[in-house]
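Step one of this worksheet: look at the structure below.
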Amino acid sequence: MRMYDVIKKKRDGMKLSADEISFFIRGCVSGEIPDEQIAALLMAIYINGMCGEETDALTKAMAYSGYVQDLSAFQGTVDKHSTGGVGDKTSLIVAPIVAANGCTVAKMSGRSLGHTGGTIDKLESIPGFRTSLSPDEFERQLSDIGIVIASQSGEMAPADKKIYALRDLTATIESIPLIASSIMSKKLAAGAESIVLDVKTGKGAFMTDIEKSRALANEMIRIGKASGKKVAALITDMDAPLGNAVGNSLEVEEAVSVLRGEGPSDLTELCLALASHMISLSRNIPFDNARAMAERSLYNRDGLEKLRELIIYQHGDPDIIESPELMHKAPIKEPVISESGGFISAEDALCIGNAALALGAGRESIGASIDHSAGVLLLVKPGDRVEKGQPLAVLHGKDAKSIIKARQIVLSSFSISDKPVSARPVLLDVFLG
Ligand code: URA
0 MRMYDVIKKK
10 RDGMKLSADE
20 ISFFIRGCVS
30 GEIPDEQIAA
40 LLMAIYINGM
50 CGEETDALTK
60 AMAYSGYVQD
70 LSAFQGTVDK
80 HSTGGVGDKT
90 SLIVAPIVAA
100 NGCTVAKMSG
110 RSLGHTGGTI
120 DKLESIPGFR
130 TSLSPDEFER
140 QLSDIGIVIA
150 SQSGEMAPAD
160 KKIYALRDLT
170 ATIESIPLIA
180 SSIMSKKLAA
190 GAESIVLDVK
200 TGKGAFMTDI
210 EKSRALANEM
220 IRIGKASGKK
230 VAALITDMDA
240 PLGNAVGNSL
250 EVEEAVSVLR
260 GEGPSDLTEL
270 CLALASHMIS
280 LSRNIPFDNA
290 RAMAERSLYN
300 RDGLEKLREL
310 IIYQHGDPDI
320 IESPELMHKA
330 PIKEPVISES
340 GGFISAEDAL
350 CIGNAALALG
360 AGRESIGASI
370 DHSAGVLLLV
380 KPGDRVEKGQ
390 PLAVLHGKDA
400 KSIIKARQIV
410 LSSFSISDKP
420 VSARPVLLDV
430 FLG
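Under numbering that gives the first Met the number 0, the letters of the sequence shown match residues 0 to 432, in that order.
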């Protein structure tokens, strides 16, 4: 088989066979196929798409291109995945709530990139917290406390790593078969039997259009079911940031407030929805029963106690729960003042994510370092009334130059209207597999 012929076939709009797809993936991992040929095939897939059979073959080939975790010894394993957004700290809240309800939460997470945050960076803002676990450590912890959140092993789905980096350079990210196979290959390799997907839509998501987000959700459900998984997908708003905090330490503090029953309503609502679907799939029980369980463990603080257990097991300092000042704190805190009065009609999540990036909370490129203390704390949300001169947000940073840059970006993120505006709900659609 020649890679040239595989590229030509897809370029001409024909269907690739499972053998051709696995030849491509093997060559990506072994290094036998050069980057220019990989990129050419990705562009041909971007332009001509893939049918369900091709996407399934691509997902499986990528999932089995490296280490595949075997969780068959555990009951009710469940995982969640967010397609990425601004202020998305749901895993820190949802995983403990679900584990507190007898489910086995085996979660592998990623780091922040560009304007979107990553769960691993948030957890690493807790002093001492270890995110890199060996397979043995992962399984031991799962069997001891029923919850693990670890960084994705470098040996897992290596084909996706290679392909994703090239997609990033060749403007081929926004392709449903490529996104769906990328996400689902990692979920299949991570081994949980149930998966709940949080598909973001709006200005701060990489899918800005809700119909495309729905199509992506349905494709991922189809792939998961074809591999014997139980899958549900929620379409959720990412026009505005989720909750009020954007930035690693700030988000951990906000996650704790939700687990105390004192968090922002949009974030609390989404966490309860995600947790309920995870409990329902994992325990095979009706959604309404799962919802009642999720609500109970939030308000009786079982979820908070489970987070404490998770932090202790992974060597973090549990005292941050009562004393968040033990986490990294920014030396400079500056308010952003509203230049007019009215109703907040938009709070652009992409701009707020970029402001947090300018402050040092995120990374422009893979491997760059980040400042755990930096970020943006929003004081108002879409729909709120504001007066001229009122603080809209507080910037947390370490130097005047980045604060000045972030202030401009945050100011440009707000649209203020004369007339009352109602905010878009956080939960926009649900698809059950
Ligand atoms: N996240 C992924 O893991 N893969 C994609 O292709 C897009 C988002």
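Note that the Cβ used here is the ideal one computed from N, Cα and C, for glycine as well.
- Query: Should residue 33 and residue 306 be called a contact, given that it needs their Cβ atoms to be closer than 9 Å?
  - Reply: Along the sequence shown, read from residue 1 onward, the residue named residue 33 stands at position 34. Along the sequence shown, read from residue 1 onward, the residue named residue 306 stands at position 307. Not closer than 9 Å, so no.
- Out of 173, 29, 136, point me to the one whose CA is closest to residue 46's CA. Here residue 46 refers to the residue found at position 47 of the sequence shown. Nearest option by C-alpha distance: 173.
- Query: residue 269 and residue 80 look like a contact to me (Cβ under 8 Å); what is the Cβ gap, rounded to whole Å?
  - Reply: The residue you call residue 269 lines up with position 270 of the sequence shown. The residue you call residue 80 lines up with position 81 of the sequence shown. The pair is not a contact, with the Cβ atoms about 14 Å apart (cut-off 8 Å).
- Residues passing the C-beta test against ligand 3 heavy atoms, cut-off 5 Å: What this structure holds is ligand 1, not ligand 3.
- Item | Separation of residue 98 from residue 288, as counted between CA atoms | Position 289 of the sequence shown, counted from the first residue, corresponds to residue 288. Position 99 of the sequence shown, counted from the first residue, corresponds to residue 98. When rounded, the distance between both Cα atoms is 16 Å.
- Task: Look up residue 276 in the DSSP assignment and say whether it is helix, strand or coil.
- Result: On the sequence shown, residue 276 is found 277 positions in, with the first residue counted as 1. Helix.
- Using beta-carbon positions only, say whether residue 156 and residue 70 come within less than 9 Å of one another. The residue you call residue 156 lines up with position 157 of the sequence shown. The residue you call residue 70 lines up with position 71 of the sequence shown. No. Outside cutoff.
- Drop a sphere of 10 angstroms on the beta-carbon of residue 0, count the other beta-carbons inside from all chains shown, and report buried for 16 or more, exposed for fewer. Position 1 of the sequence shown, counted from the first residue, corresponds to residue 0. Exposed.
- Item | Candidates 3, 121, 92: closest to residue 369 by CA position | For the purposes of this step, residue 369 is taken as the residue at position 370 of the sequence shown. Checking every option, the nearest Cα to that of residue 369 belongs to 121.
- Message: Quick check: what's the CA-CA separation for residue 204 versus residue 242?
- Response: Residue mapping note: residue 204 aligns to position 205 of the sequence shown, counting from 1. Residue mapping note: residue 242 aligns to position 243 of the sequence shown, counting from 1. Residue 204 and residue 242: Cα-Cα distance of roughly 15 Å.
- Message: Using C-beta distances below 7 Å, list every residue in its chain close to residue 349, excluding the 5 sequence neighbours before and after it, in chain order.
- Response: Residue mapping note: residue 349 aligns to position 350 of the sequence shown, counting from 1. 114, 202, 203, listed in sequence order.
- Item | Whole-number beta carbon distance between residue 213 and residue 194, since they are thought to touch under 8 Å | Stepping through the sequence shown from its first residue, residue 194 is reached at position 195. Stepping through the sequence shown from its first residue, residue 213 is reached at position 214. With 8 Å as the limit, residue 194 and residue 213 do not qualify as a contact, their Cβ atoms being about 17 Å apart.
- Item | Cβ-based neighbour list, residue 50, same chain, cut-off 7 Å, excluding 5 preceding and 5 following | Against the sequence shown, residue 50 aligns to sequence position 51. If we look at residue 50 and ignore the five residues flanking it on each side, its Cβ neighbours are 14.
- Rounded separation between residue 403 and residue 128 - CA only: In the sequence shown, residue 403 corresponds to position 404, counting from 1. In the sequence shown, residue 128 corresponds to position 129, counting from 1. Roughly 32 Å between the two C-alpha positions.
- Message: Could you compute how far the alpha carbon of residue 18 sits from the alpha carbon of residue 59?
- Response: Residue numbering aside, residue 18 sits at position 19 when the sequence shown is read from its first letter. Residue numbering aside, residue 59 sits at position 60 when the sequence shown is read from its first letter. Cα to Cα, the separation comes out at about 12 Å.
- Message: Does residue 433 pass the burial test, meaning 16 or more other C-beta atoms within 10 Å, or should it be called exposed?
- Response: One cannot answer for residue 433 here, as it falls past the ends of the chain, which runs 0 to 432.
- Task: Please name the residue, chosen from 162, 272, 30, 185, that lies closest to residue 106 on a Cα-to-Cα basis.
- Result: Position 107 of the sequence shown, counted from the first residue, corresponds to residue 106. Ranking the options by Cα distance to residue 106, first place goes to 185.
- Applying the criterion that 16 or more other CB atoms from any shown protein chain within 10 Å of the CB defines a buried residue, is residue 168 buried or exposed? The sequence position of residue 168 within the sequence shown is 169, counting from 1. The residue in question, residue 168, is exposed, as its Cβ has fewer than 16 Cβ neighbours within 10 Å.
- Decide if residue 152 is buried, meaning its Cβ has at least 16 other Cβ atoms within 10 Å, or exposed. On the sequence shown, position 153 is the one that residue 152 refers to. Label assigned to residue 152: buried.
- Query: Alpha carbon to alpha carbon, how far is residue 198 from residue 189?
  - Reply: Along the sequence shown, one-based indexing puts residue 198 at 199. Along the sequence shown, one-based indexing puts residue 189 at 190. Spanning the two alpha carbons is a distance of roughly 19 Å.
- Task: Entirely within the stretch 341-380 and at least 4 residues each: give me those alpha helix (DSSP H) ranges in chain order.
- Result: 348-358
- Message: For residue 220, which residues in the same chain have their Cβ closer than 7 Å to its Cβ, ignoring the five residues on either side in sequence?
- Response: Along the sequence shown, read from residue 1 onward, the residue named residue 220 stands at position 221. If we look at residue 220 and ignore the five residues flanking it on each side, its Cβ neighbours are 230, 232, 430, 432.
- Task: Note the first and the last residue of the continuous alpha helix (DSSP H) segment covering residue 18.
- Result: Within the sequence shown, the letter at position 19 stands for residue 18. 17-29 is the span of the alpha helix (DSSP H), which, as asked, contains residue 18.
- Task: Enumerate, from N- to C-terminal direction, the unbroken alpha helix (DSSP H) stretches of 4 or more residues contained entirely within the stretch 254-301.
- Result: 264-282, 286-298
- Where does residue 282 land, buried or exposed, given buried means 16+ other C-beta within 10 angstroms? Start at 1 with the first residue of the sequence shown, and residue 282 comes out as number 283. It counts as buried.
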